[in-house]
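Chemist: Take 1 as the starting number for the sequence shown in the UniProt record's numbering and just add one per residue.
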Amino acid sequence: MSAPDPTTRPVVELTDAQWHEKLTPQEFAVLRRAGTEPPFTGEYYETETEGVYRCRACGAELFRSTEKFASHCGWPSFFDPAASEAVILRPDDSLGMTRTEVLCAGCHSHLGHLFVGEGYPTPTDQRYCINSICLQLQPADD
1 MSAPDPTTRP
11 VVELTDAQWH
21 EKLTPQEFAV
31 LRRAGTEPPF
41 TGEYYETETE
51 GVYRCRACGA
61 ELFRSTEKFA
71 SHCGWPSFFD
81 PAASEAVILR
91 PDDSLGMTRT
101 EVLCAGCHSH
111 LGHLFVGEGY
121 PTPTDQRYCI
131 NSICLQLQPA
141 DD
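Right, dumping it as structure tokens:
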């Protein structure tokens, strides 16, 4: 996964006004303006429910519970996306540091950040640190 091609268009394209109608103010602030929910407050931070995590903005499948792990960082953490093409990664130099932003490939909504090499015992040595407010869990029994 690499930085998005600037000519690549998302599957779902809405105006800011349409996103405002679709999302709550808090969802809009994180998904469309790259905000962050407070740590340890998100709906899915500690959930162990099995299922698929979808983008709250467009419904695209992003992550699966089988790749979720307890990182104790304050946000849901995954060691891999559901599919490599489910997310887009791009450099983020905001806040005076270099990070890797994670975007939904379906609508280019901000999801969180990817961190590598932190020593978590995962198969990929990666932590997709994702805001709960960006996700909608579809339980496995649905």
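Note that CB positions come from ideal geometry on N, CA and C, so glycine has one too.
With DSSP as the reference, label H72 as helix, strand or coil.
Modeler: In this structure, H72 counts as coil in the three-state DSSP scheme.
Chemist: Report the residue ranges of all beta strand (DSSP E) runs contained in full by the UniProt domain "MsrB" (16-140); include only those spanning at least 3 residues, in chain order.
Modeler: Here the runs fully enclosed are 51-55, 61-64, 87-92, 99-104, 110-116, 126-130, 135-139.
Chemist: For W75 versus Y53, is the C-beta spacing smaller than 8 Å?
Modeler: No, the pair does not count as a contact, with Cβ atoms beyond the cut-off.
Chemist: For residue 151, which residues in the same chain have their Cβ closer than 6 Å to its Cβ, ignoring the five residues on either side in sequence?
Modeler: In the structure displayed, the chain extends from 1 to 142; residue 151 sits before or after that span and is not available.
Chemist: Please determine, among W19, F40, G42, E43, the residue with the shortest C-alpha to C-alpha distance to R33.
Modeler: Ranking W19, F40, G42, E43 by Cα distance to R33 puts W19 first.
Chemist: Quick one: what's got a C-beta closer than 6 Å to P39's C-beta in the same chain, skipping five residues either side?
Modeler: G74.
Chemist: Whole angstroms are fine: how far does the CA of G112 sit from the CA of G96?
Modeler: Each residue's alpha carbon lies about 16 Å from the other.
Chemist: Applying the 10 Å Cβ sphere with the 16-neighbour rule, what's the burial state of V11?
Modeler: Exposed, because fewer than 16 other Cβ atoms sit within 10 Å of the Cβ of V11.
Chemist: CA-CA distance, residue 161 and G35?
Modeler: There is no way to answer for residue 161, as the model of the chain reaches only from 1 to 142.
Chemist: Is it buried or exposed for E13, if we count other Cβ within 10 angstroms and need 16 for buried?
Modeler: When all chains shown are included, E13 counts as exposed.
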